[in-house]
Structures are given as C-alpha cells and as structure tokens.
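Presented below is the structure to which this report refers.
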Amino acid sequence: MAGIRSQREESADLNLTPNRVAGAGGDLVSDDERSVAADSWSIKSDYGSILDEDQRHADAAEALSAAGNCRAASDYSSDKDELDAEGVASMLGLKSYWDAAYADELANFHEHGHAGEVWFGTDVVDVVASWTKSLCFEISHGHNPSHVDDIKSETVGESDKYLSSWSVLDIGTGNGLLLHELAKQGFSDLTGVDYSEGAIKLARRLADRDGFSNINLLVDDVLETKLGRQFQLVLDKGTLDAIGLHPDGSIKRIMYWESVSKLVASGGILVITSCNNTKDELVQEVENFKQRRNDDIYQEPESMKNQEASRDSSFQYLDHVRTYPTFMFGGSEGSRVATVAFLRN
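The sequence shown runs 1 to 345 under UniProt numbering.
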C-alpha cells in the first residue's frame, strides 16, 4: 500500500515535506502540493506499469483534490457502503481503490510479467530489510539496540542462524516484495496478509515465480484480523498511511493499534515505514495508544485491574532508520520516509 501525507503540524525530525496536503479543514491544495504528494505516491519499480507516469500522477492529483476539500465523516461506515462524495477523504483509503489497482497489476503481470509498483521505492525496501535484520540480530543477543545503522557488515553476516526462528508478519503486503527481501536476509517463517484478494493473488504469482513458494500469503484485514497466532516481528510499509486516509481514518487508526497489539508477541517488534507520519508523530501515536489502554484499565472493576495490568500490550520506542536522504526546509532537516521500530511489552 502507499501513503499520502495529510495535513499535520510540522515536525523538526523527519518527513518535513513542504506544501503538505490539506486535510478536513478544506484549505486549498496547490499544484506544488499535488506534485510533491503524487511523486511520493507514484514511486515506480523497474518493472513498469499499465498506466503511464502522467496518468499515475493525474490519478494521484485527483485523489488529493478530493482529500483537500472533504469534511470528516460523521458516522462509521464500511468500505462497501456508498459514501457521500463530500465525505471521501481519499480514494487511497478505500478497499475498492486497492482492489481495482491490484486487478490492474495482476493483469499486467499475466501479460508482461511485471511485478508492479514498489511502494516507497526499491532503495527503501532494501533499507527496511537490512536494517530490520540488524535490529533482530541485536535483540537475539539480548542487546538494547541503538543506532543499528552503525553495525558492521561482518557482524551482521553472522546473524542468519538467529533469524530462522523469527516469525514474521507483513501487514498490507501488496505484491509481497518486502517479504522476498526479508527471505534473502535470512528470515524463513514469513507470512504476508492484505485485505485485497487481488494483491494476494499477485503476491502468490510473484513468490512462485521468484522461488519463494514457502512464503505464506493470506487474505486478511488487519482491522478485523482472523489470524490465530502472534508474531515476533510485524512490519507495516504504508498500511497505516492508507488507513489514515479512509473517511473514518481516526476511528480506523484506533482499531489498527488495538489489532496490531494482539498480533505482536510479547517482547516482539513492530516496524512501521511511513511517508505520511514523522518518527515523532509515530512515537506520539504509540503514547496515545498507551494512554488509552491505561484509561481503560482504570475504568475496569478493581478485581480486573491487576489482570489487565499484567497483560500490558502497549509498545515502547526502540529505534529508527537514520540513513534516509534528508533535505532542509524552513531551517529544519527532514526526510520523506520514516521507519520506526517499537518493542511490544
């Protein structure tokens, strides 16, 4: 899945993208804003796409135009419901959009063998895979990781034997190419889920073609997951971004954290890659989730408080990628992508 930045307060850490897209407030979206966001959304793989680049950018600009002039939805509604045009925050937040997109890419694969889009680009996928490997290596040795970008390559080379035991889940896996890179890094217990059946069909075709037939790929909605197990490592590359673009994005983001907290095993790691949130914004969202959990426990009957407290399912910040290219804007340094790891208590 891909993510497009919606309007937020500027942060001095990461992702200080100039000319952000307006949100529910209805401010005008400039051509520069559409261009920046379209560039972020329309990152290409080397495999190409049915739609040419101009059409991709035009589609993204159209979606952003809708996002800039909408109002927040007043009632919760499913993606299958007919949505008021004024309440559509963005096409990119709707399941129907992704079903159509992956039908396009599946047809393209059958006709040309193309793998489709690589969200955020192949360079980011490579960084996420290698950085996550280093992170898990440190955790496996009982270390509290800090600045894992600085781990020496020869040390990382020793980590393969420790990674085969890690159970890995990629939520919103799309075409599954991140799982391919993780398999190359030494992970073997790999599962990918996506709520779009077309995405999973494409991911299965690519996994079989490229020799990764051991990857488990399932149709599953992370917000209403049917998975009956927990994983030591859960990755999200753009899924939280897309969830936030749904007309009921604020509600769905709360559902996201409740669900993900049940999927990550105690002592496990959640790695989120986002172009729609800075590192500080993601950390703050985790703190907000923790506060909601504490408030819920406080309201429980006294007899249940200790049980709830002993099952703490919150997260704490662990580390983030520091090697993404940065730029200066308004006197602050930022990056268009943030990858942040959280430890599940």
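Cβ coordinates follow ideal geometry from the N, Cα and C atoms, glycine included. This one's a predicted model, so the numbers in the text were calculated from it and none came from an experiment.
Measuring from the CB of residue i, is there a heavy atom of the ligand HEM at a distance below 6 angstroms?
i: K279; result: Questions concerning the ligand HEM fall outside what the structure shown contains, since it holds no ligand whatsoever.
State the Cα-Cα distance for the pair residue i and residue j, rounded to the nearest angstrom.
i: S274; j: L235; result: 11 angstroms
i: G93; j: G267; result: 31 angstroms
i: A100; j: G198; result: 8 angstroms
i: F212; j: L177; result: 10 angstroms
i: E287; j: Y102; result: 34 angstroms
i: S188; j: G330; result: 44 angstroms
i: V124; j: G249; result: 25 angstroms
i: N345; j: L169; result: 18 angstroms
i: G174; j: A203; result: 7 angstroms
i: V321; j: T132; result: 9 angstroms
i: L182; j: L135; result: 13 angstroms
i: L218; j: K279; result: 29 angstroms
i: W119; j: V337; result: 11 angstroms
i: E333; j: R209; result: 41 angstroms
i: N294; j: G113; result: 50 angstroms
i: D319; j: V283; result: 10 angstroms
i: L179; j: S167; result: 12 angstroms
i: K201; j: L106; result: 8 angstroms
i: G238; j: G172; result: 8 angstroms
i: D126; j: V193; result: 20 angstroms
i: N144; j: Y317; result: 11 angstroms
i: I215; j: D104; result: 23 angstroms
i: M328; j: K226; result: 44 angstroms
i: F342; j: T326; result: 22 angstroms
i: residue 355; j: S335; result: Here the chain has residues from 1 to 345 only, and residue 355 is not among them.
Who pairs with residue i in a beta bridge, going by DSSP?
i: F315; result: R344
i: T339; result: T273
i: K237; result: T273
i: F231; result: V264
i: H141; result: Note: H141 sits in no beta bridge, so no partner.
i: H320; result: V340
Does DSSP put residue i in a helix, in a strand, or in coil?
i: T191; result: strand
i: K133; result: helix
i: S250; result: helix
i: T122; result: helix
i: T273; result: strand
i: N108; result: helix
i: A101; result: helix
i: V168; result: strand
i: G268; result: strand
i: S213; result: coil
i: K279; result: helix
i: A115; result: coil
i: G244; result: helix
i: K226; result: coil
i: D150; result: For D150, the pLDDT reaches just 47, beneath the cut-off of 50, and the residue's location in the model is therefore unreliable, although a value from the coordinates is still provided. In the structure shown, D150 sits in a helix (DSSP, three-state: H, G or I).
Can you confirm whether residue i, when its beta carbon is compared against all beta carbons of chain B, has any partner nearer than 7 angstroms?
i: S250; result: No chain B appears in the structure shown, which is made up of a single protein chain.
For residue i, which residues from the same chain have a beta carbon less than 7 angstroms from its beta carbon, with the 5 sequence-adjacent residues on both sides left out?
i: Y256; result: V222, L223, L240, I243
i: Y162; result: F137, S140
i: residue 355; result: No information on residue 355 is available, as it lies outside the stretch 1 to 345 that the chain covers here.
i: H246; result: A89, G93, L94, K252
i: V264; result: Q230, F231, V234, L270, R344
i: S259; result: V222, L223, T225
Let's see if you can read the secondary structure: which residues bound the alpha helix (DSSP H) around residue i?
i: E197; result: 197 to 209
i: L178; result: 177 to 185
I need the boundaries of the beta strand (DSSP E) containing residue i, first residue and last residue.
i: V219; result: 216 to 219
i: E333; result: 332 to 334
i: M91; result: Element bounds for M91: n/a, residue is neither H nor E.
i: F329; result: 327 to 329
Ignore the nearest five residues each way along the sequence and tell me which others in residue i's own chain have a CB closer than 8 angstroms to its CB.
i: E285; result: R253, W257, N277
i: L164; result: Note on residue identity: the sequence assigns Ser, not Leu, to residue 164. If we look at S164 and ignore the five residues flanking it on each side, its Cβ neighbours are G186, F187, S188, D189.
i: A207; result: G176, L179, H180, S213, I215, L217
i: D220; result: V193, D194, Y195, K226, L227
Can you give me the Cβ contacts of residue i inside the same chain, cut-off strictly under 6 angstroms, excluding the 5 residues immediately before and after it?
i: Q185; result: A129, K133
i: S196; result: W98, D99, Y102
i: G228; result: none
i: S313; result: S261
i: V340; result: I272, K279, L282, H320
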